[in-house]
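Novice: My questions will all concern the structure given below.
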Amino acid sequence: MLAQRLSLGLVTLFVISLIIFLGVSLLPGDAAQAMLGQSATPETVAALRLQMGLDQPGYLRYFSWLGGILQGDFGISISNQRQIGELLGGRFANTLFLAVMAAIISVPIALTLGILAALYRNSVYDRLVNVITLSSISTPEFFVAYILILVFAVNLGWFPSLANVSPDTPFFARIYACILPATTLTLVVVAHMMRMTRAAIISLLASPYIEMAALKGIPKWQIIVRHALPNAWAPIINVIVINLAYLIVGVVIVEVVFVYPGLGQLLVDSVQRRDLPVVQACSLIFAATYVLLNLIADILSILTNPRLLHPK
Amino acid sequence: MTEPTKPTSTIESADAMPPPPRDESKASIAWRELKKAPFTAQFGILIIITYITVAVFAPVLAPYGESEIVGTEYDVWSNQFPLGTDNLGRDMMTRLIYGARNTVGIALITTLLAFFLGGTLGIMAAVLGGWYDQLTSRAVDVLMAIPGLIFAMLLLTIFGTSIPSLIIIIGVLDSTRVFRIARAVSLNVVVMDYIESAKLRGEKVTWIALREVLPNIMPPLVAEFGLRFCFVFLTISALSFLGLGLQPPTADWGSMVRDNATLITYGDITPLLPAAAIALLTIGVNFVVDWFLHKTSGIKDEY
């Protein structure tokens, strides 16, 4: 089971790298022509083709691209001729910093709210939380971000509206600069996580052995702690990791709003400039992180569930 | 056994039974159900109706032309320009009204495309089974392993940002989710005896899919349509906000926020209005879907 899931994860990663690479060769004409536009002279197109190695057959280019990435060489940016690896390094760390900070704030809040909503199902509290989280899920991230900027940066002046950190920003100044972006992410992700936690706990409480325990007359808190919780870990861990994956991707818009020097910002800029090698590198990193986190979620839920570890 | 009834009440399903069939027209049943609906659902329906009206009658309601430059840049709220003007001197109110038509319209077309693709392939996968099911399901697994927004951005870089490519890219990427749910609910139906008898009668696959399976999986699909629409709508707005979705001079809520965002640093709430318009519609649709799910089945707590 475990080996199967691990190898499936590796295959997925491989297929994703193939898709990201092949996507580019779907371009009408070729990548060099598409990037330079119709007005480019044949000479510049030929020069770019040579620089991108488009004169080689596809499978060779794929393997040299993949081999380069495995060694940390992502190629050269079209728009500013710099090593992509250089562009990525610090930015990926920044993105992770923001995502981890949001996760540390949101996970405890979401789990507490979700478990409470499941325990007091259909109460006024549950309905209120349901309406609030539904509204929160329905709201675009940039709306939340700008409201926070308007209230806390412009009107109250507590926090900066731009989170432009540099590599030599001290740790606490960095946290201070990231408070508004992290709060935005938290507000968005807590709603998702809370609803998933609630659903997981409710479906657990509906299982026959919980009903049996209740019919035996065991006190409610004991049912929760002794009977429900051991089986609840798997879904809860799942919820957390899936939302971490969501956070990694969700940072894109938040980074743009707060002009935070992360990977998402680089991706958006590169898409606008049609800088394909950088877009490929960024999407590969985002997709790989996403796949790895989902893989970790599955592995943890296999490990915490004895029935999945020993299939019949 | 002190209190046999109390503990079970927490486990019992709270879902209402479907109403018994009566000799009434569908419209009057719908109206009766609507009057019984919770406040949030009525509110949601009101919002949806308002948006549709605004979108349909946009040219009549809007005081100026869609991309007509009528004043100075960033003009304040006045009688002439109810919500001021934007970064190029176009009337905000007009752009907001046309935005309902453009943004909502494109999201709707995209969702329909996603449902057509995903629904067809999903039902077919359930009905046909075998290698076809394996092939489509594994393909969908791979597509879903890549985060949607990132994949959309990669594809938009490759195909360029135009409205048709936006619709096709988001439609295809989102059809994977529709495929999953259509296949899952169809699988419960294809094991029924009447499907077996239809097969024995020698009905064609399309007949089985359209006449036997589809009517029986409508409720979850309708609910999913609402949720998918919200998701597509938010994705397109996010892409437009990033400058990768609808392109100027088309009036669109996402790019309106982006173009006028500088005003926020001066404490002006005008740029937040299009974002609020996006949020209000998705909240409305979500409320209606929530109520619909609660009414039709027990899958309310599934996601």
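Chains A and B, in that order, give the protein sequences.
First residue of the first sequence: 1, per this note's numbering; consecutive thereafter.
First residue of the second sequence: 1001, per this note's numbering; consecutive thereafter.
For glycine and all other residues, C-beta sits at the position ideal for the given N, C-alpha and C.
Model, not experiment: these values are computed from the prediction.
#1: In angstroms, rounded to a whole number, what distance separates the CA positions of I299 (chain A) and I242 (chain A)?
#2: Hey, quick one: how far does the alpha helix (DSSP H) through Q272 (chain A) stretch, first residue to last?
#3: Using Cβ-Cβ distances below 9 Å, what residues of the stretch 1144–1166 of chain B are close to chain A?
#4: How many angstroms separate the CA atom of V291 (chain A) from the CA atom of Y1194 (chain B)?
#5: Determine, using beta-carbon pairs with one atom in the stretch 1081–1093 of chain B and one in the stretch 1234–1245 of chain B, whether at least three such pairs fall under 8 Å.
#6: Counting only beta-carbon separations shorter than 9 Å, does G114 (chain A) have a partner in chain B?
#7: Compare the C-beta of G262 (chain A) with all C-beta atoms of chain B and state if any pair is closer than 9 Å.
#8: Cβ closer than 7 Å: which chain E residues qualify as neighbours of N1079 (chain B)?
#9: So who's on the other strand from T1085 (chain B), going by DSSP bridges?
#10: When the cut-off is 9 Å and only beta carbons count, does Q272 (chain A) lie next to chain B?
#11: So which of A:S283, A:L295, A:L18 and A:L276 has the shortest CA-CA distance to Q81 (chain A)?
#12: For W158 (chain A) and I1264 (chain B), I'd like the C-alpha separation in whole angstroms.
#13: Applying a beta-carbon distance threshold of less than 7 Å, which residues of chain B neighbour F286 (chain A)?
#14: What is the C-beta distance between A1100 (chain B) and V1054 (chain B), in whole angstroms, given that I count them as a contact (C-beta under 8 Å)?
#15: Does DSSP put Q71 (chain A) in a helix, in a strand, or in coil?
#16: A1279 (chain B) to Q265 (chain A), Cα distance in whole Å?
#17: With 16 as the cutoff for other CB atoms within 10 Å, does D1290 (chain B) come out buried or exposed?
#18: Thinking S1165 (chain B) and L1156 (chain B) are a contact (beta carbons under 8 Å), I'd like their distance in whole angstroms, please.
#19: Can you give me the Cβ contacts of T1005 (chain B) inside the same chain, cut-off strictly under 6 Å, excluding the 5 residues immediately before and after it?
#20: Restricting to Cα atoms, I'd like to know which of A:T304, A:A117 and A:F143 is closest to L1234 (chain B).
#21: Would DSSP call I109 (chain A) helix, strand or coil?
#22: Measure the Cβ-Cβ separation of S1028 (chain B) and T1250 (chain B) and say whether it is below 9 Å.
#23: Looking at C-beta atoms only, is the number of pairs between the stretch 160–176 of chain A and the stretch 210–223 of chain A that lie closer than 8 Å three or more?
#24: If distances are taken between C-alpha atoms only, which option among A:A288, A:T197 and A:P160 comes closest to I365 (chain A)?
#25: Can the beta-carbon of G1118 (chain B) be found less than 9 Å from the beta-carbon of R1177 (chain B)?
#26: Measuring alpha carbon to alpha carbon, tell me which residue in B:Y1266, B:I1047, B:D1259 and B:P1248 is nearest T1161 (chain B).
#27: Inspect the beta-carbon positions of I201 (chain A) and P235 (chain A) and report whether they are closer than 9 Å.
#28: Mapping the DSSP letters down to three states, classify F14 (chain A) as helix, strand or coil.
#29: List the residues of chain B that T12 (chain A) touches, going by C-beta distances under 7 Å, in chain order.
#30: Report yes or no: do the stretch 1071–1091 of chain B and the stretch 1208–1227 of chain B share at least 3 C-beta pairs separated by less than 8 Å?
#31: Among residues of its own chain, excluding the 5 on either side of P1082 (chain B), which ones have a beta-carbon nearer than 6 Å to its beta-carbon?
#32: Cα separation between A102 (chain A) and L180 (chain A)?
#33: Consult DSSP for I218 (chain A) and reduce its assignment to one of helix, strand or coil.
#34: Might you give, ordered along the chain, the residues of its own chain that have their beta carbon closer than 8 Å to the beta carbon of W1031 (chain B), omitting 5 neighbours on each side?
#35: Name the chain B residues whose beta carbon is nearer than 7 Å to that of N155 (chain A)?
#36: Could you work out which residues of chain A lie near V1257 (chain B), taking near to mean beta carbons separated by less than 8 Å?
Specialist: The structure says:
#1: 12 Å
#2: L263 to R273
#3: A1145, I1146, P1147, G1148, L1149, I1150, F1151, M1153, L1154, L1155, L1156, T1157, I1158, F1159, G1160 and T1161
#4: 41 Å
#5: no
#6: no
#7: no
#8: In summary, chain E is missing from the structure at hand, where the protein chains are A and B.
#9: B:D1091
#10: yes
#11: A:L276
#12: 16 Å
#13: P1147 and I1150
#14: 5 Å
#15: coil
#16: 23 Å
#17: buried
#18: 7 Å
#19: Residue confidence for T1005 (chain B) is low, a pLDDT of 40 falling below 50, so the modelled location carries little weight and cannot support an answer.
#20: A:F143
#21: helix
#22: no
#23: no
#24: With chain A represented from 1 up to 312, any question about residue 365 (chain A) goes unanswered, as that position is not in the structure.
#25: yes
#26: B:P1248
#27: yes
#28: helix
#29: V1142 and A1145
#30: no
#31: M1093
#32: 10 Å
#33: coil
#34: none
#35: G1267
#36: F142, F143 and Y146
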